[in-house]
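J.: Quick one: structure below, then a few questions.
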Amino acid sequence: MSTIERAEVLITSPGRNFITLKITTSDGVTGLGDATLNGRELSVVAYLREHIAPLLIGRDPHLIEDTWQYLYRGAYWRRGPVTMAAIAAVDVALWDILGKVTGQPVHQLLGGASRTGALAYGHASGSDTPSLFTSIRNHLDQGFRAIRVQTAVPGLGQVYGVATNQKPGQRYDYEPAKRAALPVEEGWDGRAYLRHIPTVFAAVREEFGPDLTLLHDAHHRLSPNEAAILGKSLEPYDLFWLEDCTPGENQETLRRVRSQTTTPLAIGEVFNSVYDYQTLITEQLIDYVRSAVAHAGGISALKKIIDFAAIYQIKSGFHGATDISPVGQAAALHLDLAIHNFGIQEYMKHSEATLEVFKTSYTFKNGFLHPGTTPGLGVEYDEDLAARFDYMPAYLPVNRLQLDGSVHDW
Ligand code: EZ4
Ligand code: CO
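Heads up: the sequence shown at position 237 corresponds to 240 in my numbering, and the numbers run straight through without jumps.
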């Protein structure tokens with residue numbers, strides 16, 4: 004029997020921070036797991052190094068479910084983003100190992116491909132209408148068939164989701180976590196936002212027609228009533244989804260939003276457990292599950308969430324922002340391919356420097372992602388190159404109401 008011989012936590016920062024768990028077996032097989040928690044990276048490093056790695060040594064790497072339960076129930080302290088990111092990294096690394104040992108891509112181990120590829124959506128944004136249109140055209144030129152639209156709001160400064168530099172042919176580069184000792188502060192005014200966003204979608208539909216799949220992220224900052232107003236006002240523009248319309252931890256509040264609008268709702272990128280979704284799923288208050296493999300306990304745990312959602316005709320829309328490392332993105336793509344109730348996959352291409360550290364085998368063509376057929380996840384990590392990029396503190400912004408400076412949801 005092979006055993007786990009080493010569990011190492013690798014830190015790199017090729018433009019942004021990534022934490023990767025590397026597990027090595029006594030047979031010399033290695034597996035990778037993404038443990039990146041944007042803005043709180045080193046907490047997961049400590050959890051893995053101090054409290055998980057020592058427990059893994061000598062265990063059978065093929066006992067994926069047993070290891071998950073051992074780390075989850077064995078900790079006594081359940082759930083939470085740090086714990087679940089750490090457990091996710093172990094789970095994904097063990098699936099990677101199983102794939103390599105059996106010579107199968109992970110999606111084959113999950114039941115095989117249910118589709119030829121995963122429909123992906125990209126992020127377009129602009130500080131005004133012309134720059135937004137440029138950004139959308141950029142995405143269409145790259146083959147995207149589904150596009151998330153975010154814009155500046157008149158009267159507000161930097162707001163969530165708007166890249167400052169959107170030139171034709173350039174990679175979309177929006178990274179909310181800024182490298183600095185303190186978080187950047189942004190200003191917010193819900194009424195200005197609610198007035199402006201429907202005019203943006205009207206302009207986009209006018210320019211690009213009824214066919215293009217459009218999405219929008221309200222990023223947790225609306226009250227239940229504001230969310231209902233926005234959902235209603237966007238109905239004429241036929242969105243694929245409105246994401247994170249309210250802070251998701253208040254599940255019951257989605258009853259109010261749901262009863263007021265037919266705009267499809269997506270939620271859950273900050274969730275880390277099936278229990279965060281319990282009311283949302285059983286009452287069918289959402290249409291899409293937004294979790295990331297890396298933040299919701301790994302492939303094993305997210306597969307259970309999405310199977311639970313399937314019973315209620317709820318689909319996947321897994322988180323795929325650039326703070327999900329290429330390892331985490333590959334894990335999502337294998338799941339996307341295998342599950343029946345796939346909806347859409349978020350896709351922001353990583354920087355050149357990131358893709359030199361992480362050699363991926365997934366592909367993007369004609370708007371669809373495919374994880375490839377390399378055994379395991381299909382990602383290799385260049386440790387020598389990675390070691391040249393030291394960790395740098397970076398924080399997600401803090402949001403304050405423009406009216407009186409009180410802290411608001413970001
Ligand atoms: O703000 O991943 O839908 N995507 C998002 C992201 C999140 C970041 C936080 O780390 O909301 O841009
Ligand atoms: Co989001």
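Think of the CB as a built atom: it goes at the ideal place given N, C-alpha and C, for glycine as much as any other residue.
In the structure shown, what three-state DSSP assignment does residue 227 receive?
T.: In the structure shown, residue 227 sits in a helix (DSSP, three-state: H, G or I).
J.: Mind checking whether the beta-carbon of residue 164 lies closer than 8 Å to any heavy atom of the ligand EZ4?
T.: Correct: residue 164 has its Cβ closer than 8 Å to the ligand EZ4.
J.: Locate the alpha helix (DSSP H) running through residue 153, then write down its first and last residues.
T.: Run containing residue 153: none in the alpha helix (DSSP H); it sits in the beta strand (DSSP E), 149-154.
J.: Does the distance between the C-beta of residue 314 and the nearest non-hydrogen atom of the ligand EZ4 fall short of 8 Å?
T.: No; taking the cut-off as 8 Å, the Cβ of residue 314 has no heavy atom of the ligand EZ4 nearer than that.
J.: Once you ignore the five residues that flank residue 385 on each side, which residues in its own chain have a CB closer than 6 Å to its CB?
T.: Only 360 meet the Cβ criterion.
J.: If you follow the alpha helix (DSSP H) that residue 55 is part of, which residue opens it and which one closes it?
T.: From DSSP, residue 55 is part of no alpha helix (DSSP H); its letter is neither H nor E.
J.: To test your reading of the DSSP string, which unbroken beta strand (DSSP E) runs of 3 or more residues are found completely within the stretch 27-92?
T.: Counting only runs of 3 or more, we get 33-37.
J.: Looking at residue 240: is its Cβ nearer than 9 Å to the Cβ of residue 268?
T.: No; because the gap between Cβ atoms is not below 9 Å, this pair is not in contact.
J.: Tell whether a beta-carbon distance below 9 Å holds between residue 26 and residue 59.
T.: In contact: residue 26 and residue 59 (Cβ atoms closer than 9 Å).
J.: Tell me residue 127's beta-bridge partners as DSSP assigns them.
T.: Note: residue 127 sits in a beta bridge opposite 152.
J.: Let me confirm a value: residue 184 is counted as buried when at least 16 other C-beta atoms fall within 10 Å, else exposed. Which label applies?
T.: Flag for residue 184 reads exposed.
J.: Taking the beta strand (DSSP E) that residue 269 belongs to, which residues open and close that run?
T.: Start and end: 268-270.
J.: Provide the residue span of the alpha helix (DSSP H) that contains residue 194, from first to last.
T.: Segment 193-211, the alpha helix (DSSP H) holding residue 194.
J.: Could you name each continuous alpha helix (DSSP H) segment of 4 residues or more that falls completely within the stretch 278-352, going from the start of the chain to the end?
T.: Runs of the alpha helix (DSSP H) inside the stretch 278-352: 281-285, 301-313 and 329-341.
J.: Does DSSP put residue 96 in a helix, a strand or coil?
T.: Here residue 96 sits in helix by DSSP.
J.: Can you tell which of 22, 115 and 324 has the C-alpha that lies nearest to the C-alpha of residue 178?
T.: Cα-wise, what sits closest to residue 178 is 324.
J.: Please name the residue or residues paired with residue 384 in a DSSP beta bridge.
T.: Answer by DSSP bridge pairing, in chain order: 361.
J.: Verify whether the separation of the beta carbon atoms of residue 338 and residue 311 is less than 9 Å.
T.: Contact: no.
J.: Looking only at its own chain, which residues have a Cβ that is under 7 Å from the Cβ of residue 157, when we skip the five neighbours before and after it?
T.: Once the five neighbours on either side are set aside, the close Cβ partners of residue 157 are 195 and 199.
J.: Pull up the distance between the alpha-carbon of residue 45 and that of residue 51, whole angstroms please.
T.: Taking the straight line from one Cα to the other gives about 10 Å.
J.: Please list the terminal residues of the continuous alpha helix (DSSP H) segment that includes residue 162.
T.: No alpha helix (DSSP H) holds residue 162; DSSP gives it neither H nor E.
J.: Run the proximity test for residue 41: is its beta-carbon closer than 8 Å to any non-hydrogen atom belonging to the ligand SAH?
T.: Of the ligands this structure carries, namely the ligand EZ4 and the ligand CO, none is the ligand SAH.
J.: Would residue 415 pass as a contact of residue 186 if the rule is Cβ separation under 9 Å?
T.: An answer regarding residue 415 cannot be provided, because it is not within the stretch 4 to 413 covered by the chain.
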